[in-house]
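In case it helps, UniProt numbering puts the sequence shown at residues 1 to 389.
Don't be surprised by glycine CBs; every beta carbon is placed ideally from N, CA and C.
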Amino acid sequence: MGRLIKYSKEFKLSAVKLVTELGYSCREAGEQLGCSSWSVRDWVRQLRASGDIPPENVTAASAQDMKALREENARLRLENEILKKGSGVLCQGVPVKYAWIRSQRDKYPIRLLCRVAMVSPSGFYSWLKAPEDALMSRSESLRKAIRFYHQRSSGVYGYRKIHKDIIEETTLRCCRETVRRAMKSDGLRSKVTRKHRYPANIEQIPRAAPNVLARDFTAATPDQKWTADITYLWTNEGWLYLAVVLDLFSRRVVGWAMSERADAHLACQALEAAIQLRRPGLGLLHHSDQGCQYTSGAFSAVLDQYGIVCSMSRRGNCWDNAVTESFFSKLKREWVRGKRYRTRNDARQDIFLYLEAFYNRKRRHAFLGYQSPEAFEQLFYQAKQKQAA
């Protein structure tokens, strides 16, 4: 593209943590993030010198020991993953455990599944050859299967999805109404999602702007139209909020920030990261909803400072910012769903990988002709250079 890219400190810190905490080499981290290994090495040295990350341990284990540790960590992570999926199995009878192992045997080694479920592989193979009805009555088998799949979904699934699991993963056959009645009899219900509410700021003075974008989600060039929004992710330490800025030309995430508070500072951080990376010209259109973060005086000041035109969705109309809403839906459906983050830092690193290593650089987008945002932009700049020549 012929432009010098200036990365934010949060980007550099997240990239360095891939090396210092997740075991990536500088070359591997650079390949994942689309930057040079020399840049990653420089960031490691700079952040160690500034005290943002701990100094390198001069008594580190040998490379062979590190490899063994990584293999052991990989095995433990796999066991932990199996334990999470089969948490509801351990308290069930042996036949239910066997049925669960059968449903997972294409994804994990059978011996590892048997060890987690505390059954013998030989017993499992014998069970595969024996008729299931010989081990338990059909009615009891069905009830145990319903309880298992309800627990496996953490109580999220209702009778329709549990029926689908039973039909696809067991030899039991029944109709959805049978599952519904059995769940009602056993007092099993699906969870109802509660609407997330941000803390209210009664002193906030609304500074709503008109809807200049008017649902025109197309752009002829990069950095012509940006959209922004904030979403939330649950961790064992509490909520983590993610603010993003998308370029409508390529659907690329050009700016992002994460915090435990959904305040104006978070929105400003994401916008300033985008400005630092892209350095747009005057007249850029920035579109968001009418959340208190975007109507704040601090955010308006950043827009004014860089000559950015402000556009906002109509109140209560999420379709006016459909592209950003769709991005958050993809993030949660493709990446976050089924994961449980122990700490906010764990969530930060995982979301960083999605944004910078997967979504921007690798994920194919139907709107872009099944190209990644980065590849789509590269084609644009290559064509522009040819025209100039």
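For GLN371, which of helix, strand or coil comes out of DSSP?
-> strand
Taking the beta strand (DSSP E) that ALA243 falls in, what are its first and last residues?
-> Taken as a continuous stretch (DSSP letters only), the beta strand (DSSP E) holding ALA243 covers 238–247.
Out of curiosity, what's the CA-to-CA distance linking PHE376 and ALA274?
-> 18 Å
LEU233 versus THR343: straight-line alpha-carbon distance, rounded | 11 Å
Quick one: grab the DSSP three-state call for LEU282.
-> coil
In its own chain, which residues sit with a C-beta less than 8 Å from the C-beta of ARG151, not counting the 5 before and 5 after it?
-> Per the sequence shown, the amino acid found at residue 151 is Gln instead of Arg. Excluding residues within five positions, the ones whose Cβ falls inside 8 Å are SER87 and GLY88.
Could you tell me the boundaries of the beta strand (DSSP E) in which LYS225 lies?
-> 225–235
For TYR149, the residue or residues it bridges with in DSSP | Partner(s): none; TYR149 has no beta bridge.
Return yes when the Cβ of LEU271 is within less than 8 Å of the Cβ of VAL302, no when it is not.
-> Yes, they are a contact pair.
To the nearest angstrom, report how far apart LYS144 and GLU81 are at their CA atoms.
-> Their backbone Cα atoms lie some 22 Å apart in a straight line.
Thinking C-alpha only, which one of CYS318, ARG176, HIS163 and ARG77 is nearest ALA228?
-> CYS318
What's the C-alpha gap between LEU277 and LYS6?
-> Looking at the two C-alpha atoms, the distance is approximately 5 Å.
Cβ atoms of ALA243 and ALA264: under 8 Å apart, would you say?
-> The answer is no: Cβ separation not under 8 Å.
Find the nearest neighbour of VAL111 within the set SER139, CYS91, ARG45 and ARG75, judged by alpha-carbon distance.
-> Note that residue 111 is Arg in the sequence shown here, rather than Val. Of the candidates SER139, CYS91, ARG45 and ARG75, the one whose C-alpha sits nearest the C-alpha of ARG111 is ARG75.
Output the distance between the C-alpha atoms of ALA257 and LEU18, rounded to the nearest integer angstrom.
-> 18 Å
Put ARG41 into one of helix, strand or coil per three-state DSSP.
-> helix
Would you decide whether LEU47 is buried or exposed? Buried here means 16 or more other CB atoms lie within 10 Å of its CB.
-> Taking all protein chains shown into account, LEU47 has 16 or more neighbouring C-beta atoms within 10 Å of its C-beta and is therefore buried.
How long is the line joining the alpha carbons of PRO280 and ASP223, rounded to whole angstroms?
-> 6 Å
Enumerate in chain order the residues of its own chain whose CB-to-CB distance from LEU22 is below 8 Å, with the five nearest sequence positions on each side excluded.
-> Cβ within range, chain order: GLN349.
Alpha carbon to alpha carbon, how far is TYR294 from GLN269?
-> 12 Å
Simplified DSSP assignment, three categories, for GLY123 | In the three-state reduction of the DSSP assignment, GLY123 falls in the helix class.
How about ARG361 and GLY34: do their beta carbons lie closer than 8 Å?
-> Yes.
Look at the alpha carbon of GLN204 and the alpha carbon of CYS292, and state the distance between them as a whole number of angstroms.
-> With a pLDDT of 47 at GLN204, under the threshold of 50, the modelled position of this residue cannot be trusted; read the value that follows with caution. Near 7 Å, if we compare the C-alpha coordinates of CYS292 and GLN204.
Give the range of the beta strand (DSSP E) segment to which CYS310 is assigned.
-> 309–312
From which residue to which residue does the beta strand (DSSP E) around VAL116 run?
-> That residue, VAL116, is in no beta strand (DSSP E); its alpha helix (DSSP H) goes 110–117.
Tell me whether the beta-carbon of SER313 lies closer than 8 Å to the beta-carbon of ASN211.
-> yes
In this structure, what does DSSP give as the bridge partners for GLY255?
-> VAL245
Taking the continuous alpha helix (DSSP H) assigned at ALA15, which residues delimit it?
-> 9–20
What's the gap between the Cα of GLN92 and the Cα of LYS339?
-> Here the C-alpha atom of GLN92 lies approximately 23 Å from the C-alpha atom of LYS339.
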